[in-house]
Each structure stands twice: as structure tokens, then as C-alpha cells.
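In what follows, a single structure is set out as C-alpha cells and then discussed.
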Amino acid sequence: MNKDNTALNRRSFLKASILSGGGMLLTVSWLSGFKSADEAEALNVPEQWARLNGYIHIMPDNKVKLICPNPEFGQNVMTSLPMMLAEELDADWKNVTVEMGPHDPAKLGAQFTGGSNSVRMYWKPLREAGAAARQMLREAAAQTWNVPVGEVTTKAGVLSHPSGKSAKYGEMASKAAKVSVPKELQLKAPKDFTIVRKSKKNVEIQKITSGKPLFGLDYSVDGMLIAMIQHPPAFGMKLKSFDAAETMKMPGIKDVFSVKLYEDGFEQGGFDTRTFNELLVVVGENTWAVMNGRKKLVVDWEAAGDIKDTIGGRGGKREVIVPGALESTTSQMQQMQEYAAKPAQQLRKDGDPESAFNNAAQVIERTYNGPFLAHNCMEPMNFFAHVTDEKALLAGPLQAPGWTEPTLSKLLNLPADKIEIQMTRMGGGFGRRAYGHYLYEAALISRKVKAPVKLMYTREDDMTYGIYRPMYTATYRAALDTNKNLIAFHVRGGGIPEHAIHANRFPAGAVDHYLAEGWQIPSNITIGAFRAPRSNFNAAAEQSFLDEVAEAAGKDPIEFRLELLKRAKENPVGKNNEYDADRYAGVLKLVRDKSNWNKPGNEKYNRGVAAYFCHNSYAAHVVDMVTRDGQPYVERVYSAMDCGIVINPDAATNMVQGAVVDGIGNAFYGALTHKDGAAQQTNFSNYRMIRINEAPKSIEVHFVQNDLDPTGLGEPPFPPVFGAVANALYKNKGKRFYNQPFMGEMDKAI
Amino acid sequence: MAKVTLNINNKDYPMEADPQMPLLWAIRDLAGLKGTKYGCGVAQCGACVVHLDGEAVRSCVTKVSRAAGKKVVTIEGLSETNSHPVQKAWQEIDVPQCGYCHSGQIMSAAVLLREKPNPTDQDIDDAMAGNICRCGTYLRIRKAIHTAAEMQKKTAAKS
Ligand code: FES
Ligand code: FES
Numbered sequence: 001m002n003k004d005n006t007a008l009n010r011r012s013f014l015k016a017s018i019l020s021g022g023g024m025l026l027t028v029s030w031l032s033g034f035k036s037a038d039e040a041e042a043l044n045v046p047e048q049w050a051r052l053n054g055y056i057h058i059m060p061d062n063k064v065k066l067i068c069p070n071p072e073f074g075q076n077v078m079t080s081l082p083m084m085l086a087e088e089l090d091a092d093w094k095n096v097t098v099e100m101g102p103h104d105p106a107k108l109g110a111q112f113t114g115g116s117n118s119v120r121m122y123w124k125p126l127r128e129a130g131a132a133a134r135q136m137l138r139e140a141a142a143q144t145w146n147v148p149v150g151e152v153t154t155k156a157g158v159l160s161h162p163s164g165k166s167a168k169y170g171e172m173a174s175k176a177a178k179v180s181v182p183k184e185l186q187l188k189a190p191k192d193f194t195i196v197r198k199s200k201k202n203v204e205i206q207k208i209t210s211g212k213p214l215f216g217l218d219y220s221v222d223g224m225l226i227a228m229i230q231h232p233p234a235f236g237m238k239l240k241s242f243d244a245a246e247t248m249k250m251p252g253i254k255d256v257f258s259v260k261l262y263e264d265g266f267e268q269g270g271f272d273t274r275t276f277n278e279l280l281v282v283v284g285e286n287t288w289a290v291m292n293g294r295k296k297l298v299v300d301w302e303a304a305g306d307i308k309d310t311i312g313g314r315g316g317k318r319e320v321i322v323p324g325a326l327e328s329t330t331s332q333m334q335q336m337q338e339y340a341a342k343p344a345q346q347l348r349k350d351g352d353p354e355s356a357f358n359n360a361a362q363v364i365e366r367t368y369n370g371p372f373l374a375h376n377c378m379e380p381m382n383f384f385a386h387v388t389d390e391k392a393l394l395a396g397p398l399q400a401p402g403w404t405e406p407t408l409s410k411l412l413n414l415p416a417d418k419i420e421i422q423m424t425r426m427g428g429g430f431g432r433r434a435y436g437h438y439l440y441e442a443a444l445i446s447r448k449v450k451a452p453v454k455l456m457y458t459r460e461d462d463m464t465y466g467i468y469r470p471m472y473t474a475t476y477r478a479a480l481d482t483n484k485n486l487i488a489f490h491v492r493g494g495g496i497p498e499h500a501i502h503a504n505r506f507p508a509g510a511v512d513h514y515l516a517e518g519w520q521i522p523s524n525i526t527i528g529a530f531r532a533p534r535s536n537f538n539a540a541a542e543q544s545f546l547d548e549v550a551e552a553a554g555k556d557p558i559e560f561r562l563e564l565l566k567r568a569k570e571n572p573v574g575k576n577n578e579y580d581a582d583r584y585a586g587v588l589k590l591v592r593d594k595s596n597w598n599k600p601g602n603e604k605y606n607r608g609v610a611a612y613f614c615h616n617s618y619a620a621h622v623v624d625m626v627t628r629d630g631q632p633y634v635e636r637v638y639s640a641m642d643c644g645i646v647i648n649p650d651a652a653t654n655m656v657q658g659a660v661v662d663g664i665g666n667a668f669y670g671a672l673t674h675k676d677g678a679a680q681q682t683n684f685s686n687y688r689m690i691r692i693n694e695a696p697k698s699i700e701v702h703f704v705q706n707d708l709d710p711t712g713l714g715e716p717p718f719p720p721v722f723g724a725v726a727n728a729l730y731k732n733k734g735k736r737f738y739n740q741p742f743m744g745e746m747d748k749a750i
Numbered sequence: 001m002a003k004v005t006l007n008i009n010n011k012d013y014p015m016e017a018d019p020q021m022p023l024l025w026a027i028r029d030l031a032g033l034k035g036t037k038y039g040c041g042v043a044q045c046g047a048c049v050v051h052l053d054g055e056a057v058r059s060c061v062t063k064v065s066r067a068a069g070k071k072v073v074t075i076e077g078l079s080e081t082n083s084h085p086v087q088k089a090w091q092e093i094d095v096p097q098c099g100y101c102h103s104g105q106i107m108s109a110a111v112l113l114r115e116k117p118n119p120t121d122q123d124i125d126d127a128m129a130g131n132i133c134r135c136g137t138y139l140r141i142r143k144a145i146h147t148a149a150e151m152q153k154k155t156a157a158k159s
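These protein sequence lines map, in sequence, to chains A and G.
Those letters in the first sequence? Residues 1 to 750, by UniProt numbering.
Those letters in the second sequence? Residues 1 to 159, by UniProt numbering.
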């Protein structure tokens with residue numbers, strides 16, 4: 001048992017109250033022990049992140065209702081978070097129901113889904129909430145039975161005493177609510193878990209298979225209108241004038257107007273990114289009416305020119321100039337080449353890389369490129385808003401309600417307590433729904449038309465709007481001595497509008513002479529977090545480069561990495577190395593063993609391996625490729641993960657398998673290109689997505705077994721897939737592929 | 001605008017609709033059944049698949065006029081108790097992640113299983129290639145369809 005002192009460890013309070021009709025409601029609220037320093041990556045999480053609360057309801061009929069504070073986008077938090085509560089509560093899982101909580105920062109804290117952090121940030125607090133409730137129930141039973149509390153035990157929602165007395169939780173719940181909240185808690189040791197580590201089905205599976213209205217697009221109220229925005233045809237353009245006469249004649253059209261999202265000088269929060277500021281809006285009775293009406297608009301667009309944005313948030317207020325040029329992929333590539341030749345910002349330096357390279361027996365230099373990627377969540381962006389002069393109700397798919405509310409409050413001039421945000425299930429997120437512009441747009445539209453409105457992006461609107469994964473490049477250099485040892489490593493990365501370099505990640509720490517540099521090119525093409533931001537390119541480039549270096553050194557790619565990790569563990573270079581070399585090596589060894597790497601029986605496959613650390617978890621994959629119908633096909637994948645304790649093994653496996661499929665798809669096909677500012681891919685007809693016939697036949701997922709606190713899984717398995725695919729492709733085609741998407745490069749090469 | 005009656009899940013829905021309106025929007029906006037999903041609107045993703053007189057069609061490119069007088073079945077009407085073998089298999093294998101694509105996946109799979117009660121992986125890939133899953137649940141979709149085929153056989157053997 002781990003002892004936790006709730007009073008001393010954190011400013012904490014747990015409040016119990018009795019529900020009308022009996023039963024217990026436990027409110028938990030505290031500053032958790034979450035370290036914001038760990039979260040430097042991903043999403044620049046603001047300070048209020050660490051505040052967290054949870055709810056447990058126990059009803060007289062013995063039902064336990066758990067409120068999930070974090071929005072669900074397929075990472076299965078609606079199941080895994082309540083499992084943690086139920087574990088320490090010793091609830092009977094069969095009696096547990098789960099509800100998604102509304103945005104309620106006072107009671108539920110910063111409800112944020114992203115950065116692979118839900119499980120990690122809630123691990124301790126939710127177990128404490130469960131343990132506190134359990135202790136109060138025991139206390140209530142002890143008082144009722146007049147026995148020492150230490151003799152009261154719990155199991156699956158039942159309290160018992162050796163004398164033979166027993167009661168269900170529901171019977172004691174009202175009384176338990178009056179018991180004072182324990183000062184000290186007993187948390188279970190991992191060996192005593194009965195719910196955590198046992199696979200539990202998705203708590204919403206029945207609703208999904210029967211088509212219940214779970215998603216934002218499904219949210220509906222009487223009298224709700226549909227709105228769509230006609231955005232400019234290209235990045236760098238804006239609305240000049242419009243004629244809505246024909247549109248207004250169309251059946252079902254209610255209104256056409258333009259509305260400004262941010263007034264000049266408006267201080268935007270870090271996640272208030274928007275691509276177009278002046279919105280041309282069509283509102284009508286139903287989707288089809290608005291789609292048709294919108295087609296009849298006569299619009300003049302003009303070049304927006306350079307735009308000045310005011311960005312607030314961490315580091316204070318600053319002004320940013322967004323350049324007005326109409327960019328094309330060819331001009332972007334040219335610009336990247338120019339920048340790559342210029343001096344860059346030094347991000348980390350160990351030893352004396354310059355002389356090491358000068359004195360090297362062999363230098364390998366390779367450049368890797370990756371395009372913009374669209375998130376393409378299956379459910380396009382949308383939000384419901386009903387705004388009046390007094391209050392606002394918003395409902396829809398959103399990863400970070402806490403980040404949008406302050407901006408919304410400013411835009412609507414309404415205090416936060418007059419704004420209600422409900423989070424629906426999200427049809428995918430991948431980082432895209434951390435940017436709340438579509439919620440603000442919906443709110444302003446509703447205020448203008450004085451009606452409940454659903455703002456809806458069509459697939460074309462969604463894909464051509466921006467907030468993409470940035471366009472990246474990176475040049476890697478490796479120096480080998482005469483004994484083929486890696487003595488120096490240099491990466492210089494750039495991107496539009498930011499580079500992907502994580503300077504303190506492997507192989508930093510494993511090489512005596514190391515240099516990381518970065519540069520970036522401002523652009524009007526908006527970008528956002530995309531499943532494992534930056535890592536999703538880094539891992540691809542670095543892991544294929546290491547493969548090539550291993551080959552030059554005459555070493556097996558896994559052994560080569562393990563040797564470097566041994567060095568990083570025993571005699572690390574530099575102080576600030578983000579990864580744990582043992583855990584990193586652990587996933588490589590596990591995937592080596594499970595895939596029978598270098599063992600007979602795998603001759604038919606072109607095998608590629610890669611490993612990566614990001615978002616506090618470790619991942620390695622072996623990708624087995626064959627040629628099928630003249631095309632490379634990933635037939636089989638072995639994955640090894642170390643994310644500490646695995647809360648819900650089957651769901652975790654699902655997540656890793658999905659990340660592998662997603663990785664193969666994006667590595668092979670993903671690309672968003674531009675011509676004269678316009679996105680050239682507009683729908684799934686020209687943005688190729690991986691389909692079932694291209695998915696592997698098997699993806700075997702293995703987890704390192706340990707009792708470490710759990711870390712996330714939504715992102716970590718994704719980045720190394722790209723590298724493993726690239727390395728298998730080399731074996732398959734006999735040549736290296738440096739430019740994503742690989743299929744695009746291959747088409748050109750063939 | 002024209003008066004039209006759609007029969008959806010064995011219930012008549014009289015409505016005023018543009019005959020050109022895609023069935024998808026008639027189902028979602030006019031009949032108010034939200035199980036059928038919009039993903040692309042151009043017959044590329046399969047999120048909108050419904051059954052029209054037993055055939056799997058993409059409702060985003062099927063005009064209301066074509067559906068009039070026919071029987072439309074949506075995910076809500078696939079079974080009364082969420083118990084079609086495909087639904088049961090989806091539950092058993094716990095297929096979904098975000099879940100958004102799965103109405104369409106299930107509706108496509110149900111027709112596949114009727115046509116080919118014993119589908120091979122190849123049959124599944126051929127029949128399901130029109131349904132995109134952004135979350136990448138394809139391996140579980142294959143597995144669940146095999147499971148559903150087994151369930152279907154057992155039920156058939158019993159009756
Ligand atoms: S919405 Fe009909 S196929 Fe995509
Ligand atoms: S489960 Fe998310 S799109 Fe298929």
C-alpha cells in the first residue's frame with residue numbers, strides 16, 4: 001500500500017454531500033502533483049492545467065456514476081479514467097456508469113485532452129478520489145456496525161466485517177457522505193489491482209453501434225439553424241466584397257453576412273490560431289439549403305497583405321507579422337533550401353562538433369523533407385452555439401475547453417459563469433480540436449442571428465482551412481572514426497513556420513560531439529499540434545538516418561542503437577537528456593525478441609526497425625514489408641511499448657494498432673500542397689487516406705511489464721512508424737527514401 | 001421543394017424536400033436520425049452508408065427522389081436491440097476508437113455478410129475499402145466481421 005497524506009501533499013479538499021434521494025456525491029479538488037516542467041512539449045500547457053477535480057456519485061440502488069472530466073476523442077478516456085476511480089473505490093464495475101462532465105473548471109479543473117496526458121495527469125488524483133470515498137464508506141459501516149473501521153473490508157461494491165455483517169455501497173452511501181474526509185489515504189499496490197490492468201470494454205460501445213447522437217454534428221435543439229462559412233480560396237487572401245442577392249433567393253436561406261472574428265489588436269491566446277479573420281457566413285434552415293445557397297454567392301476576394309496579430313499567453317504580449325504572400329509548394333521548397341544554407345539558431349552543443357567532423361574518417365549527410373499534413377478528423381469541425389445578451393450555451397467537439405473560455409468571454413463580453421460549454425464525443429481530434437476558432441465563430445454567428453446555430457465545416461472547408469502539421473526539413477550529419485564509431489552528430493532542422501527539432505532527445509547524450517540547430521520561415525499557412533507534434537517528423541528523419549549510419553558502421557540497426565543507449569546510460573554526454581536510456585533500450589530489446597529479429601523464418605519480409613521516445617512513453621516497431629501487386633505493402637508489424645502501468649490493455653492495444661495504421665498511411669500518402677496560396681487537396685478524392693486493403697494483416701502489440709506510473713499512448717506509438725516504414729522501404733526498393741510521402745516520391749522515381 | 005415520404009426503418013417520414021437533396025441530409029436534418037454520418041459528401045469515405053432496399057448506398061450522393069418509395073434502413077434500424085451479428089461482433093471485439101466512422105462500417109459490413117456469409121480477408125478488404133477509418137481500426141474491423149460471420153452461422157444453425 002502506498003500512503004498518501006491528502007492534507008500535506010497538496011492543498012486539498014474532498015467534499016462529500018448527500019444527493020437528493022439519498023446516495024453520496026464526492027467532490028474532489030486539489031492541486032495535483034503534476035509537474036508542468038514535464039509538459040514542455042506538445043501543447044504548451046498553461047498553468048491552470050495542474051488543477052483537477054473529479055466526481056463520484058453512489059446511488060442508493062448501488063449504482064455508481066462516475067463523471068469523466070476529460071473530453072473523449074477515441075483515446076478511450078471515458079473508460080480508462082473511471083477505471084482508476086473504480087479501482088480504488090473497489091466498485092463493482094458492472095454497476096458503474098460513466099457520464100461526460102460539462103466544462104466546469106471550478107469543480108472539474110482544467111479538462112484537457114491532448115499531449116497524451118489524460119491518464120498520466122489523472123492517475124494519482126482519481127485514485128485518491130476513489131480511495132477517499134472507499135474509506136468514508138468503511139467508516140460509515142464501522143459506525144453502523146459498531147466495529148473498528150480497520151476490520152471493515154471492501155470488495156466489488158460490498159462492505160464486510162468478519163462477524164458476517166455486510167452491506168452494499170448503496171446502503172451506506174448517505175451515511176458515508178456525512179463522514180469527515182480522510183486525512184490519510186491508502187492507495188493500492190499494483191499487485192492488488194482488480195480493475196486496472198484488466199481489459200474493460202468501451203463504456204460507450206452500445207451507443208456507438210446503435211447510432212446514438214454522440215457527436216458534435218449530432219447535437220441538435222429545436223429551431224436550430226445551420227451556418228457555413230465561405231472562406232477565402234487561398235491563404236493570404238481576404239474578403240473584399242460580396243453580393244448575396246442570388247443566395248437570399250434560394251429556399252431555406254435565412255441570412256448572409258460578414259463578421260469579424262478578432263477586432264484589430266485583439267490579444268489572442270496561444271491556441272486562438274485562426275486562418276481567416278473576416279468571415280462570410282451563410283445561415284439557413286438545414287445543411288442542404290446552406291450548401292446550395294453558398295454556391296450562389298458572388299464574392300470578390302483580394303490579397304490580404306501582411307497582417308499584424310497580437311498574441312498573448314506565456315511570455316507576455318507580442319506582435320507577430322503574418323506575411324501576405326500567396327505560397328506554392330515549389331516556392332516553399334525553394335525558400336527552405338535558401339534558409340537551410342543560412343546560419344541557424346543553436347539549440348544544443350556538446351563537445352567540439354566542428355573539429356570532430358573535420359577529423360572524421362567518414363561523414364554521412366542526408367536531408368529529409370516532410371509536407372504539411374491535414375488532420376482530417378473523420379468528423380469535420382463544427383460547433384453548436386446559442387448566444388443571447390445574457391448567456392451563451394456552446395456544445396461540440398473540443399479538446400481544451402479551458403483554453404477557449406477566456407477568449408470566448410472576451411469576444412462575447414460575457415463573464416465566464418454565463419458561458420456553458422458542453423463537450424460532445426469527438427469524431428477524432430489528433431490535436432486539431434485544441435484550436436477553438438470554430439467555437440468562437442459559432443458563438444459570433446449565433447449572436448448575430450439571435451438563434452441557436454450549428455456551424456458546420458464541410459470536408460472541403462475543413463481540409464483547406466489550415467491548422468496543418470508544419471512543413472519540415474532536416475539535414476543530418478554523422479561523423480565516424482576509422483573504427484566506424486559514431487563520434488559526432490549534427491542536425492539542422494527547419495520548417496514552415498517552425499522546425500521540428502527536439503534538441504535533447506536521443507542520440508543527444510550518446511555522442512561526444514553533438515550539435516542541434518533550428519530555423520523557421522514565417523508563413524500565412526496556419527499550423528497546429530498534429531499527433532505527436534514535431535516528433536512525427538523527427539522520428540521519421542532521425543530514425544531513417546540512424547539506420548543508414550548503422551549500415552555505414554557495419555552494424556545491425558538494433559545493436560547499433562543499443563550500443564549508443566548503453567553509452568548514454570553509463571556515461572551520458574551533457575546534463576539535459578530527456579529520455580531514460582534503459583526504458584528506451586527496453587522497447588528495442590522487446591521488439592527484437594518478439595519479432596525474431598535476425599532469426600530465420602522472416603526471409604520473405606523486408607524488415608525495418610525504429611524506436612522513439614516522446615510524451616513520456618517509449619515505442620519501437622519492426623515493420624515487415626512485402627511487394628504486393630508491384631507495390632510495397634506493410635504486411636506485419638511488431639510493436640513494443642513502455643508506458644508504465646497499462647490501464648486498459650485491450651484498448652491500449654487498439655490505440656497502438658491505430659497509431660501504426662495512421663503512421664503507415666501518413667508516411668505513404670499524407671500530403672497537403674499549395675498552389676498560389678490555395679490548398680490543392682480538398683477532399684478524400686485527392687487527399688489519400690489509408691484504407692482497409694492497405695492496412696497490415698497483423699499488428700502484434702507488446703507492453704513492457706513494470707509498475708511505473710502510467711504515461712500516455714495516444715501519440716508515442718505514432719512517430720517511429722514513419723522511420724520503420726522508411727527503413728523497410730529501403731530494403732524493399734534497394735534505395736533510400738528521404739521525402740514524405742514515400743509513395744509520392746516513389747511515383748516520381750519510377 | 002416537393003412533398004415526399006421516406007420510409008426509414010419501417011416508419012414513414014413525410015417531408016418537404018428538394019428532390020435533389022442527398023438522402024443523407026434528409027435522414028439527418030429532416031427525419032432527425034443522427035446515426036448516419038457525414039464525412040466527405042462525395043462518395044469517398046463511407047461514413048454515410050445506409051441500406052436502400054437492402055443495398056448499401058452512400059446516402060451523401062443518393063438523391064431523395066431515388067429513395068422515395070423504397071425502404072431505407074439506417075444504423076438505428078439495423079436491429080431493434082442492437083443485436084445484429086455485426087453489432088454484437090463490434091461490441092465483442094471493441095472495434096471503435098472515436099467511433100465516428102462505425103455507423104458506416106457496420107452498415108457496409110452487414111451487406112457484405114448477407115452476400116458472403118463466409119468472407120475471406122480479401123472479400124472484406126474488397127467490400128470495406130470504401131469506408132475510411134481515420135483512427136485506423138481496420139484490423140479490428142476485419143476481425144469483427146469474421147466474428148460476426150461465426151455468430152451468424154450459429155444463429156442459422158439454431159433456427
Ligand atoms: S459522406 Fe458519403 S461517402 Fe463520405
Ligand atoms: S474510429 Fe475514428 S474514424 Fe473510425
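Cβ coordinates follow ideal geometry from the N, Cα and C atoms, glycine included.
Please read these numbers as outputs of a predicted model, since none were measured by experiment.
Review point. For the alpha helix (DSSP H) that N727 of chain A lies in, which residues bound it at each end?
Key: Element bounds for N727 of chain A: P719 to K733.
Practice item. Starting from the C-beta of K63 of chain G, find all residues in its chain whose C-beta is less than 8 Å away, skip the five residues before and the five after it, and write them out in chain order. Key: Around K63 of chain G: P19, Q20, M21, P22 and L23.
Check your understanding: What do you reckon, is the C-beta of C98 of chain G under 6 Å from a heavy atom of ligand 4?
Key -> The ligand content of the structure shown is limited to ligand 1 and ligand 2, which means ligand 4 is not among them.
Review point. Cβ of C48 of chain G within 6 Å of any heavy atom in ligand 2?
Key: In this structure, C48 of chain G has its CB at a distance of at least 6 Å from all heavy atoms of ligand 2.
Check your understanding: Closest to C135 of chain G by CA distance: which of A:N576, A:P649, A:A659 and A:F684 is it?
Key -> Selected option, being the one with the closest Cα: A:A659.
Check your understanding: Going by DSSP, which residues form a beta bridge with Y618 of chain A?
Key -> Note: Y618 of chain A sits in a beta bridge opposite A:F613 and A:D642.
**Study point:** Element boundaries [alpha helix (DSSP H), containing Q20 of chain G]
**Key:** Run containing Q20 of chain G: none; DSSP gives neither H nor E here.
Review point. Unbroken alpha helix (DSSP H) runs of length 4 or more, entirely within the region 397-421 of chain A: which are they?
Key: Counting only unbroken stretches of 4 or more residues, the alpha helix (DSSP H) elements lying wholly within the region 397-421 of chain A are 401-412, in sequence order.
Review point. Around the Cβ of T424 of chain A, are there at least 16 other Cβ atoms within 10 angstroms (buried) or fewer (exposed)?
Key: T424 of chain A comes out buried.
Point to revise | Member of A:R736, A:V591, A:F737 and A:N706 whose CA lies at the smallest distance from the CA of A189 of chain A | key: Residue A:N706 is the option with its Cα nearest to A189 of chain A.
Check your understanding: Using a Cβ-Cβ distance under 7 Å, would A31 of chain G count as near chain A?
Key -> Residue-level contact check: A31 of chain G does not touch chain A, since none of the beta carbons of chain A fall below 7 Å from its beta carbon.
Review point. Should R134 of chain G be listed as close to ligand 2, given that the test is whether its C-beta is under 6 Å from any heavy atom?
Key: At least one heavy atom of ligand 2 is nearer than 6 Å to the Cβ of R134 of chain G, so yes.
Check your understanding: Where residue 168 of chain G and F73 of chain A are concerned, what is the direct C-alpha to C-alpha distance, given to the nearest angstrom?
Key -> Residue 168 of chain G is absent from the structure shown; chain G starts at 1 and stops at 159.
Exercise for review: Please list, in chain order, all residues of the same chain as S199 of chain A whose beta carbon is under 8 Å from its beta carbon, the five residues on each side excluded.
Suggested key: Leaving aside the five residues that flank S199 of chain A on each side, the residues in its chain whose CB is nearer than 8 Å to its CB run, in chain order, N648, P649, D650 and A651.
Check your understanding: Would DSSP call Y440 of chain A helix, strand or coil?
Key -> It is helical.
Review point. Would A479 of chain A pass as a contact of F357 of chain A if the rule is Cβ separation under 7 Å?
Key: By the CB criterion at 7 Å, A479 of chain A and F357 of chain A fall inside the cutoff.
Point to revise | Cβ shell of R583 of chain A (< 7 Å), same chain only, five flanking positions each side left out | key: So the list reads Y618 and D642, once near-sequence residues are dropped.
Point to revise | Residues sharing a beta bridge with H386 of chain A, DSSP | key: Bridge partners of H386 of chain A: A:L393.
Check your understanding: How far does the alpha helix (DSSP H) with G130 of chain A in it reach, from first residue to last?
Key -> Taken as a continuous stretch (DSSP letters only), the alpha helix (DSSP H) holding G130 of chain A covers S118 to W145.
Review point. What are the partner residues of E99 of chain A, as DSSP defines its beta bridges?
Key: DSSP, once it has assigned bridges, lists A:I67 as partnering E99 of chain A.
Review point. Are the region 519-526 of chain A and the region 591-605 of chain A in contact at 8 Å, needing three or more beta carbon pairs?
Key: A contact is defined here as three or more CB-CB pairs under 8 Å, and the region 519-526 of chain A fails this definition with respect to the region 591-605 of chain A.
Review point. Across which residues does DSSP place V283 of chain A in a beta bridge pair?
Key: In DSSP, V283 of chain A forms a bridge with A:A227 and A:D255.
Check your understanding: Within this structure, are the beta carbons of G223 of chain A and A340 of chain A separated by less than 7 Å?
Key -> No, they are not a contact pair.
Review point. Going along chain G in order, which residues have a C-beta closer than 7 Å to the C-beta of S685 of chain A?
Key: Within chain G, the residues near S685 of chain A are V42 and Q44.
Review point. Is C614 of chain A near ligand 1, with its Cβ less than 6 Å from a heavy atom?
Key: Flag unset: Cβ of C614 of chain A not near ligand 1.
Exercise for review: Output the distance between the C-alpha atoms of L8 of chain A and N9 of chain G, rounded to the nearest integer angstrom.
Suggested key: Legend: pLDDT at L8 of chain A = 33, less than 50; position of this residue unreliable, value from coordinates given subsequently. So the two alpha carbons sit approximately 59 Å from each other.
Point to revise | Residue from A:P380, A:P406, A:G509 and A:G712 with nearest C-alpha to M463 of chain A | key: Of A:P380, A:P406, A:G509 and A:G712, the residue nearest in Cα terms is A:P380.
Check your understanding: If you measure from the CB of T137 of chain G, is any heavy atom of ligand 2 nearer than 6 Å?
Key -> Yes - ligand 2 has a heavy atom lying nearer than 6 Å to the Cβ of T137 of chain G.
Check your understanding: How far does the beta strand (DSSP E) with Q705 of chain A in it reach, from first residue to last?
Key -> Note, Q705 of chain A: premise wrong, no beta strand (DSSP E); not H, not E.
Check your understanding: Between E76 of chain G and the rest of its own chain, which residues show a CB-CB distance below 8 Å, the 5 nearest in sequence each way excluded?
Key -> These residues qualify, in order along the chain: N9, L33 and G35.
Check your understanding: Among A:R433, A:Q657 and A:I645, which one has its Cα closest to the Cα of R197 of chain A?
Key -> Considering only alpha carbons, the answer is A:I645.
Practice item. Below 9 Å between beta carbons is the criterion; list the residues of the region 201-230 of chain A that meet it against any residue of chain G, in chain order. Key: Those would be K201, N202, E204, I205, Q206, K207, I208, T209, S210, G211, K212, P213, L214, F215, L217, D218, Y219, S220 and I226, in chain order.
Point to revise | Through-space distance from D104 of chain A to R469 of chain A, alpha-carbon basis | key: Going from the Cα of R469 of chain A to the Cα of D104 of chain A covers about 30 Å.
Exercise for review: Compute the Euclidean distance between the alpha carbons of G431 of chain A and H375 of chain A, then round it to the nearest angstrom.
Suggested key: Cα to Cα, G431 of chain A sits roughly 8 Å from H375 of chain A.
Point to revise | Bounding residues of the beta strand (DSSP E) (the contiguous stretch that carries T310 of chain A) | key: It spans I307 to I311 - the beta strand (DSSP E) in which T310 of chain A sits, taken as one unbroken run.
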